[in-house]
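Q: I'd like to ask some things about the structure below.
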Amino acid sequence: MTTYFNETGSSKQKIQGVYFDSTGLKVSLAKNDFQADSDINAALAELKSAAETLRAQASTFGANLSVLQNRQDFTKGLVHTLTTGADALVLADPNEEGAKLLALQTRQQLSQTAMSMANQSESAVLRLFG
């Protein structure tokens, strides 16, 4: 299974499946119906090895699951943030936003007037000495 984390496919995680049948776990069929101690010991060794293989694969699947859950939580949080921001833009109070715009335009006009006065007084001083 391949999980893509972005739209370009450059960030992805590939999880490889496994076959855990007797062949995949390297467990052979019982020989001699467990009549000898060596048969029992050989079967136990195969079963211990199979159990270790299962534990290792469970750990790998757990780590992959953790990565996927973290990415899912991040994506959900990002979607929530973007949705909240979009809702705030759509639900903006026109009167409040109009007042903010008027205040900003007033500040701009005052700044332009102050700059104009500063330039005029500088010109007046230069004319006195010119």
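With my numbering, you'll find the sequence shown wraps up at 152, consecutive numbering, no jumps. Every residue gets a Cβ at the ideal spot worked out from N, C-alpha and C, and that includes glycine.
Alpha carbons only, please: which of 81, 57, 83, 47 is nearest the one belonging to residue 67?
A: 47
Q: For residue 35, report the span of its beta strand (DSSP E) as first-last.
A: 34-36
Q: Alpha carbon to alpha carbon, what distance is there between residue 80 and residue 72?
A: 12 Å
Q: For residue 1, which of 45, 24, 29, 30 has the nearest alpha-carbon?
A: No information on residue 1 is available, as it lies outside the stretch 23 to 152 that the chain covers here.
Q: Whole angstroms is fine: what's the gap from residue 56's alpha carbon to residue 29's?
A: 57 Å
Q: If I measure Cβ to Cβ from residue 27 and keep anything under 8 Å in the same chain, skipping five residues before and after, which residues do I get?
A: 33, 34, 35, 93
Q: Do you know offhand how far residue 59's Cα is from residue 99's?
A: 59 Å
Q: Taking only the alpha-carbon atoms, compute the straight-line gap between residue 136 and residue 143 and give it to the nearest angstrom.
A: 11 Å
Q: From 51, 83, 86, pick the residue whose C-alpha is nearest to that of residue 69; which is it?
A: 51
Q: For the beta strand (DSSP E) containing residue 24, list its first residue and its last residue.
A: 24-26
Q: Please report how far the alpha carbon of residue 127 lies from the alpha carbon of residue 85, in whole angstroms.
A: 56 Å
Q: Name the two residues that bound the continuous alpha helix (DSSP H) containing residue 112.
A: 59-112
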